[in-house]
Amino acid sequence: MFDFCISVADKKIVFNCDSQFLDYDASESKEFSEHLCECESPDLCFNIEYGNVPQFRNKEILFSVDNSWFLCKWDGKFLLEYVDRTLPGRTERVGVIDEDLTNGTIYINHEKTEKEKELAKQLRDSMPDGMVSKREKRAEKKTGTVKKNGNKIKKKKTPLDLGRSVMAELKANFFQAFLVEYVVRKRMGFIAHCATVTKDGKTYIFMGQSGAGKSTIAELFIDICGARVYNDDRAVLNVENDKVIFYNLPWTGTLTNKCLKGQGDGSELCGIFFISHSKSNVLNKTGKIEAITKIFKNSFPVFWNKKDVNYIFSVCEKIAKTVPCYDLGFVNDKNIVNFLRDNKCVDI
Amino acid sequence: MVDKNKIYSKNKDIVTREIDDELILMPIYKTNSEINKMYTLNETAAFMWDKIDGKNTVSEIINMLIGRYEGVNEEELSADFQEFIADMKSIKAIV
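Residue numbers (the working numbering), protein chains in the order written: chain W, 1 to 348; chain E, 1 to 95.
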């Protein structure tokens, strides 16, 4: 049993769980702990139920990811469902959220039985390469056993162990997918793939997909000019009063220990760089339309909803109008900071 | 060869944003397998797009183009428009 409240992008979100099988201490969590706040007047409450997941029939699928995540409309509510493809018919998690996104229930399926684990393994082994997602491979590694004197013994999970693994999964998968929708639907901007680097009240954003070099360039700025990094993987971006603002999120990329925690300091966004690794440092001002499409492509958009796609575009347009945008190919060495200073693109 | 009496309509599941004289097309998707497909139309293509409205026939739109771009070879304009139709059909932007 537990309850706690976190603040994400200025919204208070409560997680409450009455199950005796689950326990959790959010202050222990590396990333949640920095977002903890008082539970008074929350914007959104999630009840967490543990056990058998109910069946939700007659749902309309709005958007699906890899045939494992489904966003659906059901009985006037939103339903976010994660299905384990290696166990047909087994739903791992379902979140049912009121249409106005103020109350929801998250149903977590009980741990797989030994028989179900064995079945899942057999099915995974029979899948051709490429069919098994990274997530499923990770799940396979978590065997739930420890070795003692060379023999595998079953590790008994306490409610706290179980709560930790359930919340870690929820944070990494369910909550992340949910927030993408939530941020857009509440017209709080959108979530973007980017590293936010800040110093002396000036913030620069380095955008790119996984592998583009966000963590690499963020770390160079930390090491060379003592800049601080809020997050090396994602942020909420929005435009308020003609100013581009960002909020931090409880997920980081590979620089977890070097990232600043908390919401963001409200510093001004002074530049956006669309980055890629390169053999030499190359910088070009990005044209307006190109900048808009690049910001959009680096967002986590809500693809299925016309109004929401239009809204994200409108925010991208405002950002591209407000902040200078550059294409940057960079070499992973210390010269990059001076290169950008010499080109008068950064002033930190 | 495009039937010149044919009337095309825009696919309703497409988001368009006009920026300066250009137009961005973004189809709406229901799965993550097709994302990041975005198309930018230049001024001429944006004009063609505008005229595809479920009422104008292909030959009527070609005539509008001839009226708009005086001095440009008619056959060239017709070929350009037919190519545009083929492109838009291939991305299901028009039906």
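Glycine is no exception: its CB is placed at the ideal position from the N, C-alpha and C atoms.
Since we're looking at a predicted model, the values are computed, not measured.
A distance below 7 Å between beta-carbons, with the five flanking residues on each side excluded, links residue 224/W to the following residues of its chain, in chain order: 334, 337.
Beta-bridge analysis with DSSP links residue 268/W to 202/W. With fewer than 16 other beta carbons inside 10 angstroms of its own, residue 102/W counts as exposed. Around the beta-carbon of residue 156/W, fewer than 16 other beta-carbon atoms lie within 10 Å, marking it exposed.
For residue 65/W, the nearest CB of chain E lies under 8 Å from its own CB, placing it at the interface with that chain.
For residue 49/E, the enclosing alpha helix (DSSP H) starts and ends at 43-51. Judged by their CB atoms, residue 304/W and residue 31/W are not nearer to each other than the 8 Å cut-off. In this structure, residue 85/W and residue 109/W do not form a Cβ contact; the two beta carbons are roughly 14 Å apart against a cut-off of 8 Å. The beta carbon of residue 182/W sits closer than 7 Å to the beta carbons of 101 from its chain, once the five residues preceding and following it are set aside; these are given in chain order. Only buried fits residue 78/E, as 16 or more other CB atoms lie within 10 angstroms of its CB.
The beta-carbon of residue 95/E is placed no less than 8 Å from the nearest beta-carbon of chain W.
Approximately 16 Å separates the beta-carbon atoms of residue 312/W and residue 205/W; this is outside 8 Å, ruling out the contact. Taking a 10 Å sphere around the C-beta of residue 282/W, we find fewer than 16 other C-beta atoms and assign the residue as exposed. For residue 26/E, the residues of chain W that pass the 8 Å Cβ criterion are 296, 309, 313, in the order they occur in the chain. Residue 64/W is classed as buried because its beta carbon has at least 16 other beta carbons within 10 Å across all chains shown. In the DSSP assignment, residue 12/W falls within the unbroken beta strand (DSSP E) covering 11-17. Ranked by how close their Cα comes to the Cα of residue 9/E, the residues 50/E, 71/E, 66/E have 50/E in first place. Within the model, the alpha-carbon separation for residue 307/W versus residue 159/W is close to 43 Å. Taking the C-beta atoms as reference points, residue 213/W is found nearer than 8 Å to residue 330/W. With fewer than 16 other CB atoms across the displayed protein chains lying within 10 angstroms of its CB, residue 344/W is exposed.
With respect to chain E, the C-beta atom of residue 74/W has no partner C-beta closer than 8 Å. Looking at the backbone, the Cα of residue 24/E and that of residue 189/W are separated by about 20 Å.
With a cut-off of 8 Å on Cβ pairs, the segment 221-240 of chain W is in contact with the segment 187-202 of chain W, counting three or more such pairs. Of 323/W, 16/W, 39/W, the smallest CA-CA separation from residue 202/W is found for 323/W. Residue pairing by DSSP places residue 56/W in no beta bridge whatsoever. Taken in chain order, the unbroken stretches of beta strand (DSSP E) that lie wholly in the segment 259-343 of chain W and span 3 residues or more are 268-277, 282-285, 325-330.
Within the segment 265-295 of chain W, the residues whose Cβ lies closer than 7 Å to some Cβ of chain E are 288, 289, 292, 293, listed in chain order. Inter-residue distance for residue 57/E and residue 67/E is about 15 Å (C-alpha atoms, whole angstroms). Within chain W, the residues whose beta carbon sits less than 8 Å from that of residue 15/E are 306, 309, 310, 313, listed in sequence order.
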